[in-house]
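Notes for the one structure printed next.
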Amino acid sequence: MGEKGSRHIALLLLLLLVLAVPQDAFANSAGKTGRSDSGCGGTACHSNTGTVTPELSGLPGSGYSAGAVYTLTMGGSGGPSGTNGGFNLDASHGAFSNPGSNTQILTGEVTHSNSNSRSWTVDWTAPSSGSGDVTFYLAVNFVNGNNGNDGDAWGYSSWTSSQATASTNSSLNQAGSERGSVFSNSVFELNSGSPTLVLDNGTRVTFASVNTNTSNSSSPVYTSDDVVSIAGSCAILDNYSLRCTGVNNYGQLGLGSFSLSNGTVDLGNRMAA
Numbered sequence: 001m002g003e004k005g006s007r008h009i010a011l012l013l014l015l016l017l018v019l020a021v022p023q024d025a026f027a028n029s030a031g032k033t034g035r036s037d038s039g040c041g042g043t044a045c046h047s048n049t050g051t052v053t054p055e056l057s058g059l060p061g062s063g064y065s066a067g068a069v070y071t072l073t074m075g076g077s078g079g080p081s082g083t084n085g086g087f088n089l090d091a092s093h094g095a096f097s098n099p100g101s102n103t104q105i106l107t108g109e110v111t112h113s114n115s116n117s118r119s120w121t122v123d124w125t126a127p128s129s130g131s132g133d134v135t136f137y138l139a140v141n142f143v144n145g146n147n148g149n150d151g152d153a154w155g156y157s158s159w160t161s162s163q164a165t166a167s168t169n170s171s172l173n174q175a176g177s178e179r180g181s182v183f184s185n186s187v188f189e190l191n192s193g194s195p196t197l198v199l200d201n202g203t204r205v206t207f208a209s210v211n212t213n214t215s216n217s218s219s220p221v222y223t224s225d226d227v228v229s230i231a232g233s234c235a236i237l238d239n240y241s242l243r244c245t246g247v248n249n250y251g252q253l254g255l256g257s258f259s260l261s262n263g264t265v266d267l268g269n270r271m272a273a
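If you want it as structure tokens, here you go:
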């Protein structure tokens with residue numbers, strides 16, 4: 001057999017050896033998906049030692065807001081010393097984007113792009129309102145870099161995040177107590193000829209008082225918007241805040257007084273210009 005024939009046989013044997021190596025051995029260092037909820041043990045992947053504790057940070061503690069973007073950080077603790085590792089992150093709802101260094105997105109899941117790190121980042125966009133709970137699945141694998149399965153360690157875990165619920169603002173003030181808003185459908189006894197109410201959207205509405213009996217008392221007036229104050233003259237300042245002078249029978253907002261008096265009321269810069 002000539003030298004050329006010997007080289008062909010050697011190349012053929014090498015090809016057979018390559019084909020005999022499990023594909024996981026090639027794929028893992030460049031990324032791995034489908035293992036976020038089962039880990040990395042067995043099937044020619046890594047050792048059966050699940051001693052790594054996965055860590056996922058960046059999830060909103062009070063629940064996610066629909067459509068909001070959160071930056072997640074993946075990592076872990078335990079396992080062999082060193083700086084080499086890999087991971088696989090998946091979520092039941094939402095979408096991943098903007099993978100950080102050594103990170104990539106494959107088939108909608110997030111995984112490592114090489115084995116040179118043990119910490120990774122990615123952005124997650126929360127799903128639309130009404131999607132319900134979102135479960136995150138994370139598998140982390142820390143390797144010792146000896147190009148084999150022995151001595152490596154992994155672990156997997158899951159986290160659940162619910163959609164945040166709208167809460168009422170308990171800091172709203174009752175009329176006449178202190179500076180701030182008052183509750184919707186507030187009742188003011190209007191005892192002036194043409195009182196003006198300042199609403200929380202920055203508009204002013206003028207009402208005429210209603211005499212209900214011969215004693216010339218006024219009946220309560222209901223509004224469908226939040227009433228900030230009963231006011232006289234109002235002006236929008238150059239910082240877009242609204243200042244008014246005015247009174248109401250339950251105390252002057254902003255002054256904390258329960259006596260009927262005129263004064264300047266600062267309604268804050270949340271007023272529309």
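Quick note on the UniProt record's numbering: the sequence shown kicks off at 1 and runs consecutively. From the three backbone atoms N, C-alpha and C, an ideal C-beta is built for every residue, glycine too.
Item: Along the chain, where does the beta strand (DSSP E) that runs through Ala95 open and close?; Value: 95-97
Item: Mapping DSSP to helix, strand and coil, what is Ala66?; Value: coil
Item: I need the straight-line Cα distance from Ser36 to Ala91, nearest angstrom please.; Value: In this prediction, Ser36 scores a pLDDT of 48, lower than 50, which makes its location untrustworthy; the coordinate-derived value is nonetheless stated afterwards. When rounded, the distance between both Cα atoms is 9 Å.
Item: List the DSSP bridge partners of Leu106.; Value: Glu109
Item: By Cβ distance, which residues of its chain are closer than 7 Å to Ser157, with the 5 residues on each side in sequence left out?; Value: Pro54, Leu138
Item: With a 10 Å radius around its C-beta and 16 neighbouring C-beta atoms as the bar for buried, classify Gly130 as buried or exposed.; Value: exposed
Item: Please check the pair Ser52 and Gly78, which I expect to be a contact at CB under 8 Å, by giving their CB distance rounded to whole angstroms.; Value: Residue identity differs from the one stated: residue 52 is Val in this sequence, not Ser. The pair is a contact, with the Cβ atoms about 5 Å apart (cut-off 8 Å).
Item: When the Cα atoms are used, what is the spatial distance from residue 280 to Tyr64?; Value: No statement about residue 280 is possible, as the shown extent of the chain runs from 1 to 273 and does not include it.
Item: Determine the direct distance from the alpha carbon of Thr165 to that of Gly193, and round the result to whole angstroms.; Value: With a pLDDT of only 48 at Gly193, under the threshold of 50, the placement of this residue in the model should not be trusted; the figure read from the coordinates follows. Computed Cα separation, rounded: 44 Å.
Item: Which stretch, first to last residue, makes up the beta strand (DSSP E) that contains Val52?; Value: Segment: none, Val52 is in no beta strand (DSSP E) and carries neither H nor E.
Item: Between Asn114 and Asn102, how many whole angstroms is the CB-CB distance? I'm expecting something under 8 Å.; Value: 6 Å
Item: So, is Ser161 buried or exposed, given that buried needs 16 or more other C-beta atoms within 10 angstroms?; Value: buried
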